[in-house]
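**Student:**
Chains as they are written, first to last, in this note's numbering: chain A, 81 to 322; chain S, 312 to 595.
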């Protein structure tokens, strides 16, 4: 199990590099750096979680989708399905490689902020939050890919998710949603918990809220993993050419 | 090695069964050909045997044990050669093989195989620079990467020139010679004739014929000989019963006294059997 996981994980990293997925991820990091630079804010501690939120959610979904669509397009998924690997190994190796990409982005942004701006965040707390958020959204990327006929379909799925789950949280974060009922309503969506955990490492959040958000994300990730694992067989049958 | 009993399978969205109760056995050390036109259930049968499809009725066993009871270890001894390319196009052939070989506990002689199929010199080229034939040969090497006991090959010589097709067929024969078992799916009846110990023809989800190529040809052929000869400057043609040639005075007289142009036994070909038993032209 560990050996196969390692082979699949390093294989993912090799392909992310060769298919320029890492390069694309770094380019996105540069865009975030550009935003940090040109906002003119010296202390970026409050804006930092916002950028990490965008990366660990939408980019995590997109990256999983991109690698899976490459595998579908090149027929590799067929030969992987007749290799001695468990579907859990496949799902986890891809998710971990994806998380690593998000962690690298976090490192790049943090490094830039430390060198050229002022930043006062709990980096270990942020790291833990990014791992959890990226894992959840990587699994979501699997699910969206299962049910997308092509890459455009995947992008449409991510857009829909962004409109429904991400934009309201972002609007609240920048202070455009002030209604308390709506704010409370947002707690039912996983992106609100994600933002809460990221904020906890910078602007400070009540411990109870942090614990509940963590529990919520862990539980919903476990549920999502179960669904992704169960639905993998249907996906495999379709991708085997049926 | 594989035992299939009354296998039935229906895809979730289909009303009709794709596989309609087939039974056959693939014996250890034989090359078994699964033949038939497109859409009759050959690929579905193969997918069931390699555990890609599990919700079927009937029994499928491998080495005496229900294949549903096998876990991922099942694939340690199985090699699957796909017809279409199945490699990461932006990695080199060597990088692809290095990745896959690490998933197996046993590896074959990959360098030796690459040399045999003529890819060794190009092993460090990216797969997207390969021709169709090179990709097909790489697929074949991939199927043998784990030194399998059983090979599932789908059109292994498709897209190959005669020289490379010969190399692949020779390797398949050597694999069998060492005790390996092969399930071969192809439309090339010459390959079937040369390689297969037994063949099953499928039509409409059923097996309509199963036997050795030789016995099928005897069964479907006519026990006759056609003789073309010249008599009085005219080309004539006569047919004779193959079993009575030695006592057929007319035949013996023609052979002794006339100038023979051709003599052909009326043994049929697998192509003709394919058309007859499946009801369609080969390649449809």
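Glycine included, each C-beta is placed from N, C-alpha and C at the ideal position.
Just so we're clear, the structure is a prediction, and the values are computed from it rather than from any experiment.
Whose C-beta lies closer than 7 Å to the C-beta of residue 157/A among residues of the same chain, with five residues either side of it excluded?
**Tutor:** Closer than 7 Å at Cβ, skipping near neighbours: 151, 319.
**Student:** Could you run through the stretch 163-179 of chain A and flag, in chain order, every residue whose CB is less than 8 Å away from some CB of chain S?
**Tutor:** Those would be 163, 164, 165, 166, in chain order.
**Student:** Between the stretch 383-407 of chain S and chain A, which residues of the former have CB atoms less than 8 Å from a CB of the latter, in chain order?
**Tutor:** Result list: 383, 384, 385, 386, 387, 389, 391, 393, 395, 396, 397, 398, 399, 400, 401, 402, 406.
**Student:** Are the Cβ atoms of residue 372/S and residue 314/S separated by less than 8 Å?
**Tutor:** Closer than 8 Å, so yes.
**Student:** Between which two residues does the alpha helix (DSSP H) containing residue 406/S stretch?
**Tutor:** Looking at the DSSP string, the run of the alpha helix (DSSP H) that includes residue 406/S is 404-412.
**Student:** Within its chain, find whatever has a CB closer than 7 Å to the CB of residue 553/S; leave out the 5 residues flanking it on each side and keep chain order.
**Tutor:** Excluding residues within five positions, the ones whose Cβ falls inside 7 Å are 534, 535, 536, 576.
**Student:** Counting only beta-carbon separations shorter than 8 Å, does residue 441/S have a partner in chain A?
**Tutor:** So no, residue 441/S is outside the interface.
**Student:** Should the stretch 463-479 of chain S be called in touch with the stretch 347-363 of chain S, which here means at least 3 C-beta pairs below 8 Å?
**Tutor:** At 8 Å Cβ cutoff, the stretches touch.
**Student:** Just tell me which of 583/S, 578/S, 512/S, 531/S has its CA closest to the CA of residue 350/S.
**Tutor:** Closest option to residue 350/S, Cα to Cα, is 512/S.
**Student:** For the stretch 326-393 of chain S, which segments carrying the beta strand (DSSP E) assignment without a break, of at least 3 residues, lie completely within its bounds, in sequence order?
**Tutor:** If we require 3 residues or more, the beta strand (DSSP E) runs fully inside the stretch 326-393 of chain S come out as 330-337, 342-346, 368-373, 389-392.
**Student:** Quick one, are the C-beta atoms of residue 479/S and residue 493/S less than 8 Å apart?
**Tutor:** Contact: no.
**Student:** What does a CB cutoff of less than 6 Å around residue 302/A pick up in its chain, not counting 5 residues either side in sequence?
**Tutor:** Result list for residue 302/A: empty, nothing under 6 Å.
**Student:** Where DSSP assigns a beta bridge to residue 539/S, which residues make up the other side?
**Tutor:** In DSSP, residue 539/S forms a bridge with 548/S, 573/S.
**Student:** I think residue 343/S touches residue 507/S, with their Cβ atoms under 8 Å apart; what is that distance to the nearest whole Å?
**Tutor:** Confirmed, Cβ separation roughly 7 Å.
**Student:** According to a CB-to-CB cut-off of less than 9 Å, which residues of the stretch 84-118 of chain A neighbour chain S?
**Tutor:** Cβ contacts with chain S come from 84, 86, 87, 88, 90, 91, 94, 95, 98, 99, 100.
**Student:** Run down chain S in chain order and give the residues with a C-beta less than 8 Å from the C-beta of residue 156/A.
**Tutor:** The contacting residues are 397, 398, 399.
**Student:** Is the stretch 117-129 of chain A touching the stretch 89-103 of chain A in the sense that three or more CB pairs, one from each, lie closer than 8 Å?
**Tutor:** Short answer: they don't touch.
**Student:** Would you say residue 320/A reaches chain S, if we count a Cβ-Cβ gap shorter than 8 Å as a contact?
**Tutor:** Yes - at least one Cβ of chain S is within 8 Å of the one on residue 320/A.
**Student:** Could you pull the DSSP bridge partners for residue 464/S from this structure?
**Tutor:** For residue 464/S, which the question treats as bridged, DSSP gives the partners 392/S, 495/S.
**Student:** Residue 594/S to residue 221/A, Cα distance in whole Å?
**Tutor:** Because residue 594/S carries a pLDDT of 49, less than 50, the predicted location of this residue cannot be relied on, and the following value inherits that uncertainty. Taking the straight line joining both Cα atoms gives about 40 Å.
**Student:** What does residue 318/S pair with, by DSSP beta-bridge criteria?
**Tutor:** Beta-bridge pairing links residue 318/S to 333/S.
**Student:** Could you spell out where the alpha helix (DSSP H) holding residue 522/S opens and where it closes?
**Tutor:** Note, residue 522/S: premise wrong, no alpha helix (DSSP H); beta strand (DSSP E) at 517-522.
**Student:** On the three-state DSSP scale, how would you describe residue 433/S?
**Tutor:** It is helical.
**Student:** Can you say whether residue 386/S is buried or exposed, counting buried as having 16 or more other CB atoms within 10 angstroms of its CB?
**Tutor:** Its Cβ being crowded by 16 or more others within 10 Å, residue 386/S is buried.
**Student:** For the stretch 202-216 of chain A and the stretch 248-268 of chain A, state whether three or more C-beta atom pairs, one from each stretch, are separated by less than 8 Å.
**Tutor:** No, the stretch 202-216 of chain A does not touch the stretch 248-268 of chain A.
**Student:** Can you give me, in chain order, the residues of the stretch 225-237 of chain A that have a beta carbon less than 8 Å from any beta carbon in chain S?
**Tutor:** Per Cβ criterion, the list is empty.
**Student:** Please list the partners that residue 415/S has in chain A, where partner means a Cβ-to-Cβ separation under 7 Å.
**Tutor:** Correct list: 164.
**Student:** Can you give the Cα-Cα distance for residue 120/A and residue 111/A, rounded to whole angstroms?
**Tutor:** Computed Cα separation, rounded: 15 Å.
**Student:** Classify residue 201/A as helix, strand or coil using the three-state DSSP reduction.
**Tutor:** In this structure, residue 201/A counts as coil in the three-state DSSP scheme.
**Student:** Look at the alpha carbon of residue 415/S and the alpha carbon of residue 430/S, and state the distance between them as a whole number of angstroms.
**Tutor:** Looking at the two C-alpha atoms, the distance is approximately 22 Å.
**Student:** Assign residue 87/A to one of three DSSP states: helix, strand, or coil.
**Tutor:** Looking at residue 87/A - three-state DSSP - the assignment turns out to be helix.
**Student:** Report the start-end ranges of each alpha helix (DSSP H) in the stretch 134-176 of chain A that is 4 residues or longer and not cut off at the edges.
**Tutor:** As far as the stretch 134-176 of chain A is concerned, its whole alpha helix (DSSP H) runs of at least 4 residues are 140-153, 156-161.
**Student:** Does the beta carbon of residue 594/S sit closer than 8 Å to a beta carbon anywhere in chain A?
**Tutor:** Summary for residue 594/S: the model assigns pLDDT 49, below 50, so the residue's position carries little reliability; its value from the coordinates is reported in the next sentence. It does not: the Cβ of residue 594/S has no partner Cβ on chain A nearer than 8 Å.
**Student:** Mind listing which residues of the stretch 340-365 of chain S have their C-beta closer than 9 Å to chain A's C-betas, in chain order?
**Tutor:** Within the stretch 340-365 of chain S, the qualifying residues are 354, 355, 358, 361, 362, 363, 364, 365.
**Student:** Does residue 448/S get closer than 8 Å to chain A when you measure Cβ to Cβ?
**Tutor:** Not one chain A Cβ lies under 8 Å of residue 448/S.
**Student:** Does any CB atom of chain S fall closer than 8 Å to the CB of residue 159/A?
**Tutor:** Closer than 8 Å: yes.
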